[in-house]
């Protein structure tokens, strides 16, 4: 083991690959569970690696999308939700 600046490290230590977790939050006008479930089903069919959920109790009817690999197709998500005749904007 070596000690550098108050840290210990083995010379043969294997470091895990850094996570590139990304979260995007969208404001929608979706109020029904039926529509939210329909959108969630479409999103998970297209991107099964994403974690997606709605918070319909929030005043902004939040759609939250999380990716562990750092990739979220924002424009495609916006398009998909708008195709279902809903409003959606990305929160910044």
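In the numbering used here, the protein residues as written are 78 to 169.
A virtual CB, placed ideally from N, CA and C, is assigned to each residue, including glycine.
Rounded to a whole number of angstroms, what is the C-alpha to C-alpha distance between residue i and residue j?
i	j	result
residue 159	residue 114	15 angstroms
residue 121	residue 144	12 angstroms
residue 131	residue 163	14 angstroms
residue 112	residue 99	25 angstroms
residue 102	residue 135	12 angstroms
residue 165	residue 155	6 angstroms
Strictly by DSSP, which residues pair up with residue i?
i	result
residue 99	144
residue 104	139, 166
residue 128	143
Do residue i and residue j have their C-beta atoms within less than 8 angstroms of each other?
i	j	result
residue 187	residue 104	In the structure displayed, the chain extends from 78 to 169; residue 187 sits before or after that span and is not available.
To which residues of the same chain is residue i closer than 7 angstroms at the C-beta, ignoring the five residues directly before and after it?
i	result
residue 97	146, 147
Who are the Cβ neighbours of residue i in its own chain at under 8 angstroms, not counting the five residues just before and after it?
i	result
residue 108	133, 138
residue 169	none
residue 157	116, 119, 120, 123
From this set, the options, which residue's C-alpha is nearest residue i's C-alpha?
i	options	result
residue 110	150, 151, 140, 152	140
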